[in-house]
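*Asks:* In this text, residue positions in the sequence shown follow our numbering: the first is 23, and each later residue adds one.
We treat Cβ as the ideally placed atom computed from N, Cα and C, and that holds for glycine.
My questions all concern the structure below.
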Amino acid sequence: MAFLGSSEIVDLALKILSKYPLCDYCLGRHFASIGYGISNKERGRTLKTMLFMEAHRLARDNLEEGVRRLRMLSTCGYNPASKFLEKMGYNKPESKPCYICGDALNPKRFIEISSKIAEQLKEYEFRDFLVGAKVPVEVREREDAIYSEYMITTGEDIKEDITREIGLLIQKELGRDIEYKTPEIVILVDIFSEVFEIQVNPLFIYGRYRKLRKDIPQTPWLCRECWGRGCIKCNYSGR
Numbered sequence: 023m024a025f026l027g028s029s030e031i032v033d034l035a036l037k038i039l040s041k042y043p044l045c046d047y048c049l050g051r052h053f054a055s056i057g058y059g060i061s062n063k064e065r066g067r068t069l070k071t072m073l074f075m076e077a078h079r080l081a082r083d084n085l086e087e088g089v090r091r092l093r094m095l096s097t098c099g100y101n102p103a104s105k106f107l108e109k110m111g112y113n114k115p116e117s118k119p120c121y122i123c124g125d126a127l128n129p130k131r132f133i134e135i136s137s138k139i140a141e142q143l144k145e146y147e148f149r150d151f152l153v154g155a156k157v158p159v160e161v162r163e164r165e166d167a168i169y170s171e172y173m174i175t176t177g178e179d180i181k182e183d184i185t186r187e188i189g190l191l192i193q194k195e196l197g198r199d200i201e202y203k204t205p206e207i208v209i210l211v212d213i214f215s216e217v218f219e220i221q222v223n224p225l226f227i228y229g230r231y232r233k234l235r236k237d238i239p240q241t242p243w244l245c246r247e248c249w250g251r252g253c254i255k256c257n258y259s260g261r
């Protein structure tokens with residue numbers, strides 16, 4: 023699976039969608055390591071478009087398989103397939119939520135939660151940040167099951183998809199850097215519940231001093247009679 027050709031990728035996408043309705047993000051994530059500089063959403067949309075073009079050709083030749091594929095794509099929320107079915111005189115099937123994420127991964131939700139986070143972050147002074155994600159166990163299990171069923175080796179974790187999308191939106195709005203090693207602020211996001219938590223990491227300041235006089239103590243200088251409690255000898259200063 024490490025060196026899939028373009029036709030093999032499309033064939034694999036067809037097999038997956040024939041059994042599981044997936045959104046653009048979740049379909050594209052199966053092939054995350056193939057192609058540079060494009061998002062998983064773009065990968066998924068491109069694959070559906072390629073499948074649509076082939077389904078269009080088959081349906082135009084009055085082949086039942088073409089109509090089946092158009093229905094499949096329509097069920098996955100691919101609007102061009104729905105419109106073409108209606109044009110052919112068929113009733114479009116009802117679209118189903120994504121099998122993996124339940125349609126939680128969508129541009130509108132990413133933008134809304136990123137805007138809320140950015141607004142709260144304006145209350146802080148910071149140079150860099152990092153986004154983390156909380157994902158329900160059942161979502162991870164559904165994704166892992168498909169990866170295992172089709173022996174997917176080109177995919178990535180759903181957390182990567184979420185943190186990258188939100189991180190880039192925040193970076194664009196606030197102009198702050200994303201820092202993976204020692205971020206000043208960490209935002210933990212649950213896109214499924216649409217909640218988030220901001221964690222401010224403590225700032226440690228390193229410094230050193232030079233002792234220029236012998237009579238300046240390095241440790242607290244306490245009275246030897248009372249050891250800091252205060253007495254007549256130290257005039258109740260404790261020193």
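Within its chain, find whatever has a CB closer than 8 angstroms to the CB of G66; leave out the 5 residues flanking it on each side and keep chain order.
*Replies:* The residues are L44, C45, D46, Y47, C48, L49, G50, R51.
*Asks:* Would you grab the beta carbon distance between I184 and I209 for me? Rounded to a whole angstrom, and I think it's under 8 angstroms.
*Replies:* Contact flag wrong, Cβ pair sits at about 11 angstroms.
*Asks:* Roughly how many angstroms lie between the CA atoms of E187 and F132, to the nearest whole one?
*Replies:* So the two alpha carbons sit approximately 7 angstroms from each other.
*Asks:* Expressed to the nearest angstrom, what Euclidean distance is found between the alpha-carbon atoms of I168 and E147?
*Replies:* About 43 angstroms.
*Asks:* Give the range of the alpha helix (DSSP H) segment to which V32 is assigned.
*Replies:* Here the alpha helix (DSSP H) through V32 covers 28-41.
*Asks:* According to DSSP, which residues form a beta bridge with Q221?
*Replies:* Note: Q221 sits in a beta bridge opposite V208.
*Asks:* Report all residues from its chain with a CB closer than 6 angstroms to the CB of T176; omit the five preceding and five following residues, and keep chain order.
*Replies:* The residues are F53, S55, I56.
*Asks:* Mapping DSSP to helix, strand and coil, what is K255?
*Replies:* Residue state, collapsed to three classes: coil.
*Asks:* Return the chain-ordered list of same chain residues with a C-beta closer than 6 angstroms to the C-beta of A22, the five sequence neighbours on each side being excluded.
*Replies:* Since the first residue shown for the chain is 23 and the last is 261, residue 22 is missing from the structure and cannot be characterised.
*Asks:* Helix, strand or coil: which one does DSSP assign to V157?
*Replies:* The answer is coil: DSSP assigns V157 none of H, G, I, E or B.
*Asks:* For M94, is the classification buried or exposed, using 16 other Cβ atoms within 10 angstroms of its Cβ as the cut-off for buried?
*Replies:* Buried is the call here.
*Asks:* Given a threshold of 16 other Cβ atoms within 10 Å of its Cβ, counted over all protein chains shown, does E216 qualify as buried or as exposed?
*Replies:* Exposed, because fewer than 16 other Cβ atoms sit within 10 Å of the Cβ of E216.
*Asks:* How many Å lie between Q193 and E163 at the Cα?
*Replies:* Those two C-alpha atoms are separated by around 30 angstroms.
*Asks:* For L18, list the residues DSSP reports as bridge partners.
*Replies:* This structure gives no information on residue 18, because the portion of the chain shown stretches from 23 to 261.
*Asks:* With DSSP collapsed to three states, give me the class of I56.
*Replies:* Reduced to three states, the DSSP call for I56 is coil.
*Asks:* Pick out whichever of L92, N62, R82 has its Cα sitting closest to the Cα of L36.
*Replies:* Ranking L92, N62, R82 by Cα distance to L36 puts L92 first.
*Asks:* Give me, in chain order, the residues of the same chain whose beta-carbon lies closer than 6 angstroms to that of G189; leave out the 5 immediate sequence neighbours on both sides.
*Replies:* Excluding sequence neighbours, G189 sits near V153, I200.
*Asks:* Is I200 helix, strand or coil when you go by DSSP?
*Replies:* Of the three classes helix, strand and coil, the one that applies to I200 here is strand, per DSSP.
*Asks:* Kindly confirm or deny that the stretch 106-119 and the stretch 128-145 touch, where touching means at least three C-beta pairs closer than 8 angstroms.
*Replies:* Cβ pair count under 8 angstroms is below three, so no.
*Asks:* Quick one: using the 10 Å Cβ neighbour count with 16 as the cut-off for buried, is E171 buried or exposed?
*Replies:* The residue in question, E171, is exposed, as its Cβ has fewer than 16 Cβ neighbours within 10 Å.
*Asks:* Report the option in D166, K144, E165, M173 whose CA atom is closest to the CA atom of I207.
*Replies:* Nearest C-alpha to I207: K144.
*Asks:* For the ligand GDP, is there any heavy atom lying closer than 7 angstroms to the beta carbon of K63?
*Replies:* Within the structure as shown, the ligand GDP is missing, as the structure has no ligands at all.
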